[in-house]
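*Asks:*
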Amino acid sequence: MKQALADRAERTDELVASGRQVDMVFKQGQKALSLRAQKLWHLLVKQAGGKLADNATHTMPLSDLYQTGLGHMTLAERIDTLRELQTTLVEVTAPSTKVKGRMRVITGPLLDYVARDEDDRGDLEWSFSRVLRTVFANSNHWAVLSKRAVMAFESRYSLRLYELLALRSGLDHKTAETFALDDLRARLGAPDGKLAEWFDFRRKALDPAIAEVNQLAGFRVSYEPLKRGRAVTSVRLLWEIKSGNDRTATKRELDGSKIGRKARRENAVEHIKDTPIVPLEFPGGSIRYTAFAEIARAALPRPMRDLDAVADDFRRWAKSGGKPLRGPKIIEMFAGFCRDQRAAKERLND
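Mapping the sequence shown onto the numbering used here, position 116 (from 1) lands on 108, and the numbers just tick up by one.
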């Protein structure tokens, strides 16, 4: 752990997050962290460096916060955010130190000590709770995050999704994972009793979060809702590392002013929303900005081929089999074509 943190101590645009911390859950009934608290938390972890798991007091000049995306916070907002980190409870499991093979459930806050000057000058002092020190000490996998992306996110759902996928995108040969709908809702921090229906969760949390992650992160994400009967019960998240052109566009977005960023992002979301749910005809040209692109991203094997090349193959396949490229079954036919390619590749790899 200490080596992983030490290796990145001088990399000012990199943050690290413990895999166990990213995957931990908030105590049932406990409100998830606000966006401000999530961002401040990452800065505190960065400052602590290789001493994260030590029973120690850490220090940061408050002036350092003014050089980050939190520099606009008022004194009252900063106090509220620190209190949030002290009062938010998390629940984790850890190996018992007394009985081999037994796991213990540990509950506690994120921070258990905070000190600052009354006038908000000087240094901020804090110590991580015993629970979090246990989490840090038992983490074997760490996510590397872009500090600029973390500080640029405008939604807590987006930041949570980014953390979740940054942890997994670093794993070799893993490009997808299925989450139960309730589990994904909890991981993104949806309030208890809110966004309970798939339609609401997708519209208000998942779609906007994916649009913002795709805009600011070094990877691209899509999803496939999975049903039991007529109800969506789980969601398959799929991701891929961005290509050179996409990475250049992301850097340009982070380098530029945030003015207009939301409009560009919402335009992308609206473009998806405006696409007919059941297109009557498969496009004759590019599929990149259609519903078929999302279907292809969800079903094709990784590394993924050029989407328009896949579309050309599909048209040839349909023509050779005398299958029409229009009608209510066109979506399922294209999805099946893409899934068959993935299955064929998996058989070759076995």
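In this text, a Cβ means the ideal position worked out from N, Cα and C, and glycines have one as well.
#1: I need the straight-line Cα distance from methionine 65 to tryptophan 118, nearest angstrom please.
#2: Is the beta carbon of alanine 290 closer than 7 Å to that of serine 214?
#3: For my contact list, valine 224 and leucine 173 are in at a C-beta cut-off of 8 Å; report their separation, rounded to the angstrom.
#4: Is the segment 194 to 208 touching the segment 240 to 259, taking contact as three or more C-beta pairs under 8 Å?
#5: Under the rule that 16 or more other beta-carbon atoms within 10 Å means buried, what is glutamate 324, buried or exposed?
#6: For leucine 81, which beta-bridge partners are listed by DSSP?
#7: Using a Cβ-Cβ cut-off of 6 Å (strictly less than) and excluding sequence neighbours within five positions of alanine 45, which residues of its own chain qualify?
#8: Please return the same chain residues whose Cβ sits closer than 8 Å to the Cβ of valine 181, not counting the five positions on each side in sequence.
#9: Mapping DSSP to helix, strand and coil, what is methionine 296?
#10: Taking buried to mean at least 16 other C-beta atoms within 10 Å of its own C-beta, is valine 97 buried or exposed?
#11: For the segment 241 to 249 and the segment 188 to 198, state whether three or more C-beta atom pairs, one from each stretch, are separated by less than 8 Å.
#12: Quick one: residues in its chain with C-beta nearer than 8 Å to the C-beta of serine 131, no 5 flanking neighbours on either side, listed in chain order?
#13: For the segment 80 to 163, which segments carrying the beta strand (DSSP E) assignment without a break, of at least 3 residues, lie completely within its bounds, in sequence order?
#14: From the DSSP output, in three-state form, read off leucine 44 for me.
#15: Along the alpha helix (DSSP H) that carries glutamate 204, what are the first and last residues, could you check?
#16: The alpha helix (DSSP H) with glutamate 273 in it runs from where to where?
#17: Relative to the C-alpha of aspartate 112, which candidate in Met143, Thr80, Arg179, Leu74 has its C-alpha closest?
#18: In its own chain, which residues sit with a C-beta less than 6 Å from the C-beta of alanine 40, not counting the 5 before and 5 after it?
#19: Considering only residues of the same chain and omitting the five flanking positions on each side of serine 226, which have a CB-CB separation below 7 Å?
#20: Does DSSP classify lysine 219 as helix, strand or coil?
#21: Glutamate 245 by DSSP, collapsed to three states: which one?
#22: If you measure between the beta carbons of proline 53 and leucine 81, is that distance less than 7 Å?
#23: I need the straight-line Cα distance from histidine 263 to phenylalanine 284, nearest angstrom please.
#24: Which residue wins for smallest C-alpha separation from aspartate 346, given the options Arg331, Ile279, Thr79?
#25: In the DSSP output, which residue or residues are listed as bridge partners for tryptophan 231?
*Replies:* Checking against the coordinates, here is how it stands:
#1: One alpha carbon belongs to methionine 65, the other to tryptophan 118, and they sit about 19 Å apart.
#2: Taking 7 Å as the Cβ cut-off, serine 214 and alanine 290 qualify as a contacting pair.
#3: Confirmed, Cβ separation roughly 6 Å.
#4: By the Cβ rule, the segment 194 to 208 counts as touching the segment 240 to 259, because three or more pairs are nearer than 8 Å.
#5: Label assigned to glutamate 324: exposed.
#6: The bridge partners DSSP lists for leucine 81 are Pro101.
#7: Its chain contains Arg125, Phe128, Ala129 as the residues whose beta carbon lies nearer than 6 Å to that of alanine 45, once the 5 sequence neighbours on both sides are disregarded; these appear in chain order.
#8: Reading off the sequence, residue 181 comes out as glycine, not valine. Taking C-beta separations shorter than 8 Å and ignoring five residues to either side along the sequence, the partners of glycine 181 in its chain run Phe18, Ala24, Leu25, Arg148, Tyr149, Arg152, following chain order.
#9: Residue state, collapsed to three classes: coil.
#10: Burial check for valine 97: the Cβ neighbour count within 10 Å stays below 16, so the residue is exposed.
#11: At 8 Å Cβ cutoff, the stretches do not touch.
#12: Excluding residues up to 5 positions away in sequence, Met(-7), Ser10, Gly11, Arg12, Gln13 lie with their Cβ nearer than 8 Å to the Cβ of serine 131 in the same chain.
#13: If we require 3 residues or more, the beta strand (DSSP E) runs fully inside the segment 80 to 163 come out as 81 to 87, 95 to 101, 103 to 107, 115 to 120, 134 to 138.
#14: Coil.
#15: Where glutamate 204 is concerned, the enclosing alpha helix (DSSP H) stretches over 199 to 208.
#16: For glutamate 273, there is no enclosing alpha helix (DSSP H), since its DSSP letter is neither H nor E.
#17: Aspartate 112 has its Cα closest to that of Leu74, out of Met143, Thr80, Arg179, Leu74.
#18: Counting only Cβ-Cβ distances below 6 Å, and skipping sequence neighbours, we find His50.
#19: Here serine 226 has Thr170, Phe171, Ala172, Leu173, Leu218 as same chain residues with Cβ atoms under 7 Å from its own Cβ, once five neighbours each way along the sequence are excluded.
#20: Lysine 219 falls in the strand class under three-state DSSP.
#21: DSSP places glutamate 245 in helix when its eight states are reduced to three.
#22: No, these two residues do not count as a Cβ contact at 7 Å.
#23: Low confidence applies to histidine 263: its pLDDT is 47, below 50, so where it sits in the model is not reliable enough to give any reading.
#24: Nothing can be reported for residue 346: it is not among the residues displayed for the chain, which extend from -7 to 342.
#25: Val213, per the DSSP bridge assignment.
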